[in-house]
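Going down the list, the protein sequences come from chains A and B.
Residues 914 to 1266 in my numbering are what the first sequence lists, from first letter to last.
Residues 914 to 1266 in my numbering are what the second sequence lists, from first letter to last.
Where is the CB? At the ideal position from N, CA and C, for every residue including glycine.
There are 2 protein chains.
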Amino acid sequence: MYKLNSIIENQKINKLLSDFKRSPHQLNKPHESDAEIIKLNDGLLAITTDSISEEILTGLYDDPYIIGWMIVTINISDIAAVGALPIGILISEIIPQDFGQEKIRELQKGISDACIMYKTFLLGGDTNEGESLVLTGTAIGIIQNKKIMSRLGCKSGDILYSSGKLGDGNAYAISKLISETNSFTKYKPLARIKEGRTISKYASCCMDTSDGLIATLDQLMRLNNAGFELNNNWQNVIDDDAIEYSKNLNLPPWILFAGQHGEFELIFTIPTEFKNAFLKETLKNELSPIELGRVISDREVKIPLYKELISINTAFIRNLPIEANGDINHYLKMLLEYDYQIKHEPSLKFTSP
Amino acid sequence: MYKLNSIIENQKINKLLSDFKRSPHQLNKPHESDAEIIKLNDGLLAITTDSISEEILTGLYDDPYIIGWMIVTINISDIAAVGALPIGILISEIIPQDFGQEKIRELQKGISDACIMYKTFLLGGDTNEGESLVLTGTAIGIIQNKKIMSRLGCKSGDILYSSGKLGDGNAYAISKLISETNSFTKYKPLARIKEGRTISKYASCCMDTSDGLIATLDQLMRLNNAGFELNNNWQNVIDDDAIEYSKNLNLPPWILFAGQHGEFELIFTIPTEFKNAFLKETLKNELSPIELGRVISDREVKIPLYKELISINTAFIRNLPIEANGDINHYLKMLLEYDYQIKHEPSLKFTSP
């Protein structure tokens, strides 16, 4: 596949997997799908695992209720992104000795409320002591469609959509990790199960924005050997409060796509011939997908910015958190320098490796 | 159920689960099964999650290869204990920044070797940074029998078996955590998949010895409203090196049943009418189950010790690690005081709450 290894995160995963044979029951290869797709008897199982640890250590998540809500949401979102119907979740909790009963109750309440919201169930779990709080969820779902929806399959000309408004994940992250004066507390994302099931009937590919929009488009670009061009009115996809928040901090709004704390919307592509049928069904199901742009044959992510169509250096943006080695102020400084460059010297384009 | 709550571990789990509704797809209640049993379309899925964290913090596991081997083994063992055929495992790895590439390679080698041993596959995973190493596995398997094997179902008169020799888990734990002079390094347990699949055709209940024999029998006693009496020759079930090791340290051999670091054998019961058919099939399949004793109607765990039939206070033994609050020397001292009591004042019997 086209230079998946230019992204440090992909390199790390490929290195960890290098000695492993794939199961003959597994229908997806590494990176190709938000959830693993497993053939069982005559059915298809979607299964995924995701932990919350760094987010707690950095202070991004400090409310036990939100941590409980998120461990369900991040896993169910991956089930939604393959169009599956969630069956339930197993959760392993590593709890420090001094965590306290009230905080445990809040954590469990967050998990329970999220299960109720998603009409899904806690199927099992494990508890263990540890130095710091770590939660690991594993969600399972059933794929009822014949056609499997994964990250693979979009073609030049397909229309690019988001299942909803973006940017609140990154506004929240800036508020928690950087800004000392302005706070943005409105963050309680929803896994898009109903959306995923409708989308899966029409979409050529789909991925959730757990790592923000640019990381999502970059990964889809590498997997599909195709690129994306956003519409001129891309600001319409940004959450109103998030855009207001970025303006108060003098941050360019597109930065809300670049940060890697996502909003768990689904980014997907619809072949033009299915557009009408898709929109008809979303109307019937009261869904509100937002048209973001289109798939292009160039392997680039292009955004109309500062009166030019800028090819964003998505590899630079994705690798920046690791390059910045956890220094979030340095990370933001580098992002803003990049913004300055595309604003004032757009001819000096980076190109994505 | 009969006083499951006398065991602090069960209390904790029940408290965590108190707000949760059960899935209509789930066929087992809490505590009743080593793996969760989920009805999917026309098949049955076994799924389980288990973490390794405390074992690393206490120094019980310090070899990355063994940690990798164990995260697969402890999860596949739960799949084996319900008689399922493993399909694969997902593993989330929380890795400290300073862990080092060589250790990561060893960890992955342990995971890979265990997958090969169990003819199973790594299906997916997640990596995250954290303060200390935490691994969480989630294994899935398919149940092909019509009859579901769980921890429930044994009746007075059934014969009690172990799938193999016991005691090396606790000998290893003593060696790692207590003894400064004698070492016992022979610990690389095997999940008993082939055994589980044969056992599931005949057994009235089954559970793995992940927490040692006495904890296993205590939990089965509480779930089944029945007890267990070990045969006079119970020492035959102890691993030769483990018994030698306990003798060198002047520890009574039955202590190897009491510690809570198990050997991942399967403890199961066979109704007398199936004994011959079961033994015939184990011979054919080259399995070596060991007859341990029998199910009795009294809700007690009785072991012939010091020329008496002693009813062991299994609740005291199971709760002791938590009561000792991590002080392993105090824990062993209390266990040895209990041994002194049953040896010298057997009339002063504890009774299990």
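Spatially closest choice to residue i from the options, by CA coordinates
| i | options | result |
| --- | --- | --- |
| residue 1154/B | 1195/B, 1078/B, 1011/B | 1078/B |
| residue 919/B | 1222/B, 1243/B, 1135/B | 1135/B |
| residue 1000/B | 1081/B, 1219/B, 1055/B | 1055/B |
| residue 1241/A | 1071/A, 1036/A, 1156/A, 1172/A | 1172/A |
| residue 925/A | 1215/B, 1085/B, 1021/B, 939/B | 1021/B |
| residue 1016/A | 987/A, 1029/A, 975/A | 975/A |
| residue 1285/B | 1190/B, 1194/B, 1200/B | Residue 1285/B falls outside the range modelled here, since chain B spans only 914 to 1266, and no answer is possible. |
| residue 1157/A | 1032/A, 1198/A, 916/A, 1083/A | 1083/A |
| residue 946/B | 1217/B, 990/B, 1032/B, 1206/B | 990/B |
| residue 1080/A | 963/A, 1152/A, 1223/A | 1152/A |
| residue 1075/A | 1051/A, 1123/A, 1045/A | 1123/A |
| residue 1067/A | 1043/A, 1087/A, 1231/A, 1139/A | 1139/A |
| residue 921/B | 977/B, 1238/B, 1029/B | 1238/B |
| residue 1176/A | 1104/A, 969/A, 1211/A | 1104/A |
| residue 982/A | 950/A, 948/A, 1030/A, 953/A | 1030/A |
| residue 986/B | 1101/B, 1168/B, 1217/B | 1101/B |
| residue 996/A | 1053/A, 1150/A, 1165/A | 1053/A |
| residue 953/B | 964/B, 1089/B, 1211/B, 936/B | 936/B |
| residue 988/B | 923/B, 1049/B, 1217/B, 1065/B | 1049/B |
| residue 961/B | 972/B, 984/B, 978/B | 984/B |
| residue 1148/A | 949/A, 1217/A, 1246/A | 1217/A |
| residue 949/A | 1036/B, 1221/B, 1253/B | 1036/B |
| residue 970/B | 1197/B, 1089/B, 1162/B, 1219/B | 1089/B |
| residue 1065/B | 1181/B, 1195/B, 1168/B | 1181/B |
| residue 1028/A | 978/A, 1014/A, 1044/A | 978/A |
Within 9 Å, strictly: CB atoms of residue i and residue j
| i | j | result |
| --- | --- | --- |
| residue 1113/B | residue 1058/B | yes |
| residue 1034/B | residue 934/A | yes |
| residue 1209/B | residue 1116/B | no |
| residue 1206/B | residue 1143/B | yes |
| residue 1038/A | residue 1063/A | no |
| residue 1215/B | residue 1072/B | no |
| residue 944/B | residue 1085/B | no |
| residue 929/A | residue 1040/B | yes |
| residue 1109/A | residue 1170/A | no |
| residue 994/B | residue 1121/B | yes |
| residue 1227/A | residue 1127/A | yes |
| residue 940/B | residue 927/B | no |
| residue 1094/B | residue 1191/B | no |
| residue 1223/A | residue 1255/A | yes |
| residue 1235/A | residue 1251/A | no |
| residue 980/B | residue 1002/B | no |
| residue 1008/B | residue 959/B | no |
| residue 1087/B | residue 1162/B | yes |
| residue 972/A | residue 956/B | no |
| residue 1118/B | residue 1146/B | no |
| residue 1249/A | residue 1166/A | no |
Chain-ordered neighbours of residue i on chain A, where CB pairs are closer than 7 Å
| i | result |
| --- | --- |
| residue 966/B | 1007, 1041, 1042, 1043 |
| residue 1174/B | Result: empty, since nearest Cβ-Cβ is about 14 Å, beyond 7 Å. |
| residue 979/B | Going along chain A, no residue has its Cβ under 7 Å from residue 979/B, so there is no contact; the nearest lies around 17 Å. |
Amino acids of chain A, ordered along the chain, whose beta-carbon sits closer than 9 Å to that of residue i
| i | result |
| --- | --- |
| residue 1028/B | 933, 934 |
| residue 956/B | 953, 954, 955, 956 |
| residue 970/B | 1042, 1043, 1044 |
Per-residue contacts from residue i into chain B (C-beta, under 7 Å)
| i | result |
| --- | --- |
| residue 1025/A | 932, 933 |
| residue 1055/A | 953 |
Partners in chain B for residue i, counting only beta-carbon separations shorter than 9 Å
| i | result |
| --- | --- |
| residue 1269/A | Since the first residue of chain A shown is 914 and the last is 1266, residue 1269/A is not available in this structure. |
| residue 1021/A | 928, 929, 930, 931, 932, 933 |
Contacts that residue i makes with chain B (C-beta to C-beta distance below 8 Å)
| i | result |
| --- | --- |
| residue 1000/A | 936, 938, 951, 953 |
| residue 1290/A | Nothing can be reported for residue 1290/A, as the shown portion of chain A is limited to 914 through 1266. |
Give, in chain order, every residue of the segment 1065 to 1093 of chain B whose Cβ lies closer than 8 Å to some Cβ of chain A. none
Interface residues of the segment 1034 to 1053 of chain A facing chain B [CB-CB below 8 Å]: 1034, 1035, 1036, 1037, 1038, 1039, 1040, 1041, 1042, 1043, 1044, 1045, 1047, 1049, 1051, 1053
Taking Cβ-Cβ distances below 8 Å as the criterion, which residues of the segment 1225 to 1237 of chain A are in contact with chain B? none
Segments assigned beta strand (DSSP E), at least 3 residues, entirely inside the segment 1002 to 1056 of chain A: 1035 to 1042, 1047 to 1056
If you measure beta-carbon to beta-carbon, which residues of the segment 934 to 952 of chain A are closer than 7 Å to chain B? 934, 935, 936, 938, 939, 949, 951
Which complete alpha helix (DSSP H) runs does the segment 924 to 997 of chain A hold, if anything under 4 residues is left out? 967 to 970, 977 to 993
Got a sec: which bits of the segment 1122 to 1136 of chain A sit with their beta carbon under 8 Å from any beta carbon on chain B, in order along the chain? none
Every unbroken beta strand (DSSP E) within the segment 1093 to 1150 of chain A, with a cutoff of 3 residues, ordered by chain: 1118 to 1121, 1140 to 1143
My parser needs the alpha helix (DSSP H) runs of 4 or more residues fully inside the segment 1163 to 1204 of chain B; what are they? 1168 to 1171, 1188 to 1197
Scan the segment 1212 to 1246 of chain B and note each continuous beta strand (DSSP E) run of 3 residues or more that stays entirely inside, going in chain order. 1214 to 1218, 1221 to 1225
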